[in-house]
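Below: the structure, in structure tokens.
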Amino acid sequence: MLDLPLPFLNRPAASQTASPWLLVLMHGVGSNEGDLFGVAPHVPPQFHVVSLRAPHTMGPNANAWFEFSVLPDGSRSIHETQEAASRSLVALTVEAAAAQLGVPPERVVLGGFSQGGIMALSMLLTRPELLRAAMVWHSRLLPQALPFSAPAEAMRGKPLWVSHGVQDNVIPLASAHAIREHAQGLSLDLTYREYPGAHEIRPGELADAMAWLGALKPTPEPAPLHG
156 MLDLPLPFLN RPAASQTASP WLLVLMHGVG SNEGDLFGVA PHVPPQFHVV SLRAPHTMGP
216 NANAWFEFSV LPDGSRSIHE TQEAASRSLV ALTVEAAAAQ LGVPPERVVL GGFSQGGIMA
276 LSMLLTRPEL LRAAMVWHSR LLPQALPFSA PAEAMRGKPL WVSHGVQDNV IPLASAHAIR
336 EHAQGLSLDL TYREYPGAHE IRPGELADAM AWLGALKPTP EPAPLHG
């Protein structure tokens with residue numbers, strides 16, 4: 156039984172998996188750990204799946220990683236203290252889950268939708284030593300986390316999946332473009348995709364993301380020798 160700092164749902168890896176992986180999932184604003192746990196049946200069997208509940212309660216079965224408001228110009232103002240505390244709590248939770256399951260950081264993946272995607276991306280940028288890769292669905296880059304970014308060398312070769320809906324009416328497509336531009340300036344191994352649809356993960360997007368997940372390797376492939 157896992158003992159973690161945040162409430163969660165989990166699905167164990169297939170029993171005969173020699174070197175299991177860990178996928179930690181984080182939901183969006185106003186949701187709970189049951190939301191993304193719905194993708195667990197689609198996750199490759201070599202993964203333990205742990206779906207977390209955000210620490211801030213908004214209402215019955217509705218939680219957030221941090222509070223925010225949308226300003227008249229469309230920009231967002233966040234509760235920076237809550238965001239920093241949630242980022243620390245996620246780090247502790249990921250470390251605890253990996254240690255208890257016996258999964259090394261090179262086989263840990265963080266994934267999230269919307270605000271959960273913000274958390275996954277921020278963890279990759281600020282605490283890359285804790286994970287191999289991040290999966291970011293319909294999300295945005297958080298400027299408040301950037302001052303805490305690790306050196307680019309610490310992210311070298313780490314895979315990043317970013318996908319977004321072309322008609323997303325909650326987080327505009329331009330936010331995904333901003334993630335892409337930032338990631339391209341680092342040494343990350345970026346996979347970027349756009350899909351028809353709004354603020355939702357449709358079957359085709361999910362299938363592609365799971366194929367990407369299943370193809371991950373613990374360490375970068377060595378470069379071929381020439382000469």
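Residue numbering for the sequence shown follows our numbering, beginning at 156 and increasing consecutively. Just so it is clear, CB atoms sit at the ideal spot from N, CA and C, and this is done for glycine as well. Keep in mind the model is a prediction, meaning the values are calculated, not measured.
In terms of Cα proximity to Asp344, the closest of Gly214, Ala169, Lys372 is Lys372. Per DSSP, Gly369 has no beta-bridge partner at all.
With 16 or more neighbouring CB atoms inside 10 Å of its own CB, Leu180 falls in the buried class.
By the 16-neighbour rule on beta-carbons within 10 angstroms, Thr248 is buried.
Beta-bridge pairing by DSSP links His319 to Glu349. At a cut-off of 3 residues, the continuous stretches assigned as beta strand (DSSP E) that sit fully inside the segment 197-228 are 202-207, 211-214, 217-219, 223-225. Going by beta carbons, Val264 and Leu178 fall inside the 8 Å limit. Glu238 counts as buried, since no fewer than 16 other beta carbons sit within 10 angstroms of its beta carbon.
Around Gly267, the same chain offers Met181, Met274, Ala275 as residues with beta carbons nearer than 6 Å, after the five sequence neighbours per side are excluded.
The C-alpha of Met365 lies about 14 Å from the C-alpha of His203. For Met181, the enclosing beta strand (DSSP E) stretches over residues 176-181. Linking Gly312 to Trp176 through their CA atoms gives a straight-line distance of about 18 Å. Distance from the CA of Ser232 to the CA of Pro298, rounded to the nearest whole angstrom, comes to 11 Å.
Bounds of the alpha helix (DSSP H) holding Ile273 are 270-281.
In summary, Met156 is exposed, with fewer than 16 beta-carbon neighbours lying within 10 Å of its beta-carbon over all protein chains present. In terms of CA proximity to Ser206, Gly183 leads the group Gly183, Phe221, Tyr350, Val225.
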